[in-house]
Amino acid sequence: MAAPGLQLVYDRDVVAANSTSSSSDAAFPQEPSFQISAEPTPSSTPADVDLEQLYPASAELNTQLSQGLILLAQCLQRAERAINYVRTQQLVSADDQAHHMLTLLDELFCLRRISEGFANVVAACGNGLRNLRGQLPSEEHLLALNSCLLAIKKKPFLDFDASVELIERLEAVDLNVDAAGTNEILDWLGDEGAN
Numbered sequence: 734m735a736a737p738g739l740q741l742v743y744d745r746d747v748v749a750a751n752s753t754s755s756s757s758d759a760a761f762p763q764e765p766s767f768q769i770s771a772e773p774t775p776s777s778t779p780a781d782v783d784l785e786q787l788y789p790a791s792a793e794l795n796t797q798l799s800q801g802l803i804l805l806a807q808c809l810q811r812a813e814r815a816i817n818y819v820r821t822q823q824l825v826s827a828d829d830q831a832h833h834m835l836t837l838l839d840e841l842f843c844l845r846r847i848s849e850g851f852a853n854v855v856a857a858c859g860n861g862l863r864n865l866r867g868q869l870p871s872e873e874h875l876l877a878l879n880s881c882l883l884a885i886k887k888k889p890f891l892d893f894d895a896s897v898e899l900i901e902r903l904e905a906v907d908l909n910v911d912a913a914g915t916n917e918i919l920d921w922l923g924d925e926g927a928n
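So the sequence shown is numbered by this note's numbering: it starts at 734 and just counts up by one.
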């Protein structure tokens, strides 16, 4: 592969000489030669690079990513509104925004094929809100949720290990990120299931 701005020129005379050579020479064809030209090629400019060629992905994943980014933006708007409502003691409005966030998080979980880290963070945020069992999330809860959602909006192809670090932010403000029923299953496994 030539460096950007350089063009490899194939020597066509060698090809013509090889095609007219005798059959005994065909077993050992002459190697074609190349010349380097400093003239820029049309494909060497950054504007001509197609992102689909650089980062091939299925159309379904592209659609899911687009939907995911739109839903994340809406969820972040709801989180910011909820934070402002909590700060101004408009608790009914803050609760309404938190319920809208939960609905958006459920929709985002349907797009979990985007990445394993994306799915892990979305599930943890949804479980954190759901496990409040109707209580209004505190400002600290909302700030932690906002922080995690903003991080996956910036890096939706997050790996699992990086997502665990984000989830620790939620746990640091005492949000229970485990799915409902997880504690009962763990208790059962600890008491009876292991026997």
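From the three backbone atoms N, C-alpha and C, an ideal C-beta is built for every residue, glycine too.
query                                                                                             : result
Nearest to Asn860 (by Cα), restricted to the options Asn795, Asp907, Arg820 and Leu809            : Asp907
Three or more C-beta pairs below 8 Å linking the stretch 795-813 and the stretch 880-890          : yes
Element boundaries [alpha helix (DSSP H), containing Gln830]                                      : Leu824 to Phe842
Endpoints, the alpha helix (DSSP H) within which Leu875 is located                                : Glu872 to Lys887
Whole-angstrom C-beta distance between Leu862 and Leu899, which should lie under 8 Å              : About 15 Å; that fails the 8 Å criterion.
Straight-line gap, Pro870 to Ala913 (C-alpha atoms, nearest Å)                                    : 17 Å
Neighbour-count burial assignment, Ala851, 16 or more Cβ in a 10 Å radius                         : The sequence shown places Phe at residue 851, not Ala. Buried is the call here.
For Cys881 and Gln830, the rounded distance between their alpha carbons                           : 17 Å
Asn817 versus Ala827 - alpha carbon distance                                                      : 8 Å
Exposure of Ile847, with buried meaning 16 or more beta-carbon neighbours within 10 Å             : buried
Backbone CA spacing between Pro889 and Gly801 [nearest angstrom]                                  : 9 Å
From Val825, Glu813, His833 and Leu841, residue whose alpha carbon lies closest to that of Ser799 : Leu841
Boundaries of the alpha helix (DSSP H) in which Ser848 is found, first to last residue            : Run containing Ser848: none; DSSP gives neither H nor E here.
Of the listed residues Asn795, His832 and Leu844, nearest to Gln810 (C-alpha basis)               : His832
Gly867, DSSP secondary structure in three states                                                  : coil
C-beta contact flag for Lys855 and Leu838 at 7 Å                                                  : Here the sequence assigns Val to residue 855, which means Lys is not the residue at that position. Against a cut-off of 7 Å, the Cβ pair of Leu838 and Val855 comes out as a contact.
C-alpha gap between Arg814 and Asn879, whole angstroms                                            : 11 Å
Status (buried if at least 16 other CB within 10 Å, exposed otherwise) for Val897                 : exposed
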